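To start, the structure under review is shown below, and the notes come after it.
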Amino acid sequence: METGTKILIVDDDPDVLFATVRILKKAGYETIQATNGEEALGHLQSANPELVLLDVVLGDTDGLEILKQIKTRYPGIFVILVSGARIKSHDQTIGLDSGADGYITRPFGQEEFLAHIGAMVRIQHAEVKLKTLIKEKEILVREVYHRVKNNFVMVTSLLNLQLREIDDPKAVALFKETRDRIKSMVEIHRLLYQADNITEINFQEYLKQLVKDLFHTYNSGNPKLRLLLDLDPVTINVDQAIPCGLIVNELVTNALKYAFPAGQAGEIKVVLSENEIGEIKLTVSDTGVGISEEASQGVSGSLGMKLVHLLVDQLEGTLDIERTTGVSFVIQFQQKE
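Note that our numbering has the sequence shown beginning at 277, numbered continuously upward.
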C-alpha cells in the first residue's frame, strides 16, 4: 500500500467528508478537506496534493466544472470523481472525457474504496517515476549531442588550421569540402541540443541556415547569382536529417562551384515539402551549365555525386535527375517515426 500520499477530499456533505477522512487516515494517507470548488483550488495551490477525490455534485456547483479547472491549472494531479449510486454510465463517460482519471460510485465498502485509491496512487507514482526517467534520459542525450557537436567543431578548427599550411589549390578545395560536410552535421547537433524534442529537428530552419552559409562561402562576388528557398515547415528525425543535410550540402556546393562559370547569371533553388502520407520531397535545382549524365550518376571521378547516391540509398528514397534548363535533383523518401 502506498501510504503517506497527500489526498484532497472535496465534498459538501460533512458526514461523508468525516467518514472518508477517517478511512484514509487509518490507512496511512495524509488528508486535506474542502467543501467547495474555490476552497479546493486554494488547497491545490498551497498544499500540492497528489490525488483529489471530487464529488460530482457540490451543492449548486457542477463538479465537472471544478474538474476542468483543476486539470487546466494542474494537469499532473490525478482526480477521481465520486458520485451517488444512481449515476448513469453515460454521465460517467462524460466525467472521464472531461479529464477524470477514475470514477467511484457510492455506496462502497471500505476495502473496495481503499483498493481503488491504492491502485490510482500506484499509477500516479509510476507516472512520476517515468517522467523523471525520461527527463534524465533527455538530459543525458542532450549532453551527448553537445559533446559530439564540440568534437565536430574541434575537427573543423583543426582543418582550418591545416588549410593555412597548404598551397596546393586542389588540396585546399578538398579540405574545404570535408570541412563543410562536417559543418552540416554540426548544425544538426546544435539544433537538437536546443530543441524541445531531442529525436527530431525543424528541417526548414536547418536548411535555411545551411544553404545560406554555403552561398556565403562559395559565391565569390557573383552579383548575378540568386538563391531561392521554398521550404515548408517540415520536421524529420535525426537519422534522416543527417544524410539529407549532407545531400543538400553536396548539391548546393557543386552548383555554386561549377554551374556558373565566369560570373554567369542564374539561380539556385531549394524546395522542401511533405505530403499527407508523410513523404518528403526535396528538390535542388540550378539554371547553370548543367551536368553530364555520367557525372550525375556518380560513375565519374566526383566523390560528391557518389556520396549523394549512397545517402539517397541510406534514406531508402529515390533520386530523379532532370536536365532541361540547368539541372534539377529531386529526392523523395518516406518520413520515419
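The beta carbon of each residue, even a glycine, is placed where N, CA and C say it ideally should be.
Every value quoted in this text rests on a predicted model; they were computed, and no experiment measured them.
Between which two residues does the alpha helix (DSSP H) carrying A316 extend? Indexing the sequence shown from 1 puts residue 316 at position 40. G313 to A323 is the extent of the alpha helix (DSSP H) around A316.
Q.
Taking 8 Å as the limit between beta carbons, can you name the residues of its chain near K517, skipping five residues before and five after?
A. Residue mapping note: residue 517 aligns to position 241 of the sequence shown, counting from 1. Here the sequence assigns Ala to residue 517, which means Lys is not the residue at that position. Taken in chain order, the residues that qualify are I464, E476, I477, F479 and Y482.
> Can you tell me the Cα-Cα spacing of F615 and P445, whole angstroms?
Replying inline: Here the chain has residues from 277 to 613 only, and residue 615 is not among them.
| message | Is the beta carbon of Y305 closer than 9 Å to that of I393? | response | On the sequence shown, position 117 is the one that residue 393 refers to. On the sequence shown, position 29 is the one that residue 305 refers to. Closer than 9 Å, so yes.
Margin query: On the criterion of 16 or more Cβ atoms from any shown chain inside 10 Å, does L586 qualify as buried, or is it exposed?
Written below: Taking the first residue of the sequence shown as position 1, residue 586 is located at position 310. Label assigned to L586: exposed.
key: Contact check, I544 vs L486, beta carbons under 9 Å   = By 1-based counting over the sequence shown, the position of residue 544 is 268. By 1-based counting over the sequence shown, the position of residue 486 is 210. Cβ distance not < 9 Å, so I544 and L486 don't count as in contact.
Note down, in chain order, each residue of its chain lying with its Cβ closer than 8 Å to the Cβ of I458, except the 5 sequence neighbours on either side.
As a position in the sequence shown, residue 458 is number 182, starting the count at 1. Cβ within range, chain order: F428, V431, T432 and L435.
(Q) Threshold first: 4 residues or longer. Then list the alpha helix (DSSP H) segments lying entirely within the segment 335-374, N to C. (A) 339-349 and 365-373
**OP:** Would you mind working out which of V546, L343 and E613 sits nearest I553, comparing C-alpha positions?
**Re:** Locating residue 553 in the sequence shown gives position 277, where the first residue counts as 1. If we check each option's Cα against that of I553, E613 comes out closest.
Do you know how far the Cα of T600 is from the Cα of N498? Counted from its first residue, the sequence shown places residue 498 at position 222. Counted from its first residue, the sequence shown places residue 600 at position 324. Rounded to whole angstroms, N498 to T600 spans 23 Å at the Cα level.
ask   = Using CA coordinates, which residue listed in I299, A447, K301 and A316 is at the minimum distance from D287?
value = Walking along the sequence shown from the start, residue 287 turns up at place 11. When only C-alpha atoms are compared, the closest one is A316.
Just to check my reading of the structure: A376 and L390 have Cβ atoms closer than 8 Å, yes? What is that Cβ distance to the nearest angstrom? Locating residue 376 in the sequence shown gives position 100, where the first residue counts as 1. Locating residue 390 in the sequence shown gives position 114, where the first residue counts as 1. Contact flag wrong, Cβ pair sits at about 19 Å.
Where the alpha helix (DSSP H) through Q590 begins and ends: For the purposes of this step, residue 590 is taken as the residue at position 314 of the sequence shown. Element bounds for Q590: L579 to Q590.
Bridge partners - N478, DSSP secondary structure assignment = Position 202 of the sequence shown, counting from 1, holds the residue named residue 478. T511, per the DSSP bridge assignment.
**Contact belief for Q608 with K533 at Cβ below 8 Å, rounded distance in angstroms** = Translated into positions along the sequence shown, residue 608 becomes position 332. Translated into positions along the sequence shown, residue 533 becomes position 257. At roughly 25 Å, the Cβ-Cβ gap does not stay under 8 Å, so Q608 and K533 are not in contact.
Original post:
Since F294 is in the alpha helix (DSSP H), which residue starts that stretch and which ends it?
Top reply: Position 18 of the sequence shown, counting from 1, holds the residue named residue 294. Its alpha helix (DSSP H) spans residues P290 to K302.
**Message:** Can you tell me whether T348 is buried or exposed? The criterion is at least 16 other CB atoms within 10 Å of its CB, across all chains shown.
**Reply:** As a first step, residue 348 must be located in the sequence shown, where it is residue number 72. Exposed: under 16 other Cβ atoms inside 10 Å.
message = Just to check my reading of the structure: I523 and V588 have Cβ atoms closer than 8 Å, yes? What is that Cβ distance to the nearest angstrom?
response = For the purposes of this step, residue 523 is taken as the residue at position 247 of the sequence shown. For the purposes of this step, residue 588 is taken as the residue at position 312 of the sequence shown. Going by Cβ atoms, the distance from I523 to V588 rounds to 7 Å, so yes, they are a contact pair.
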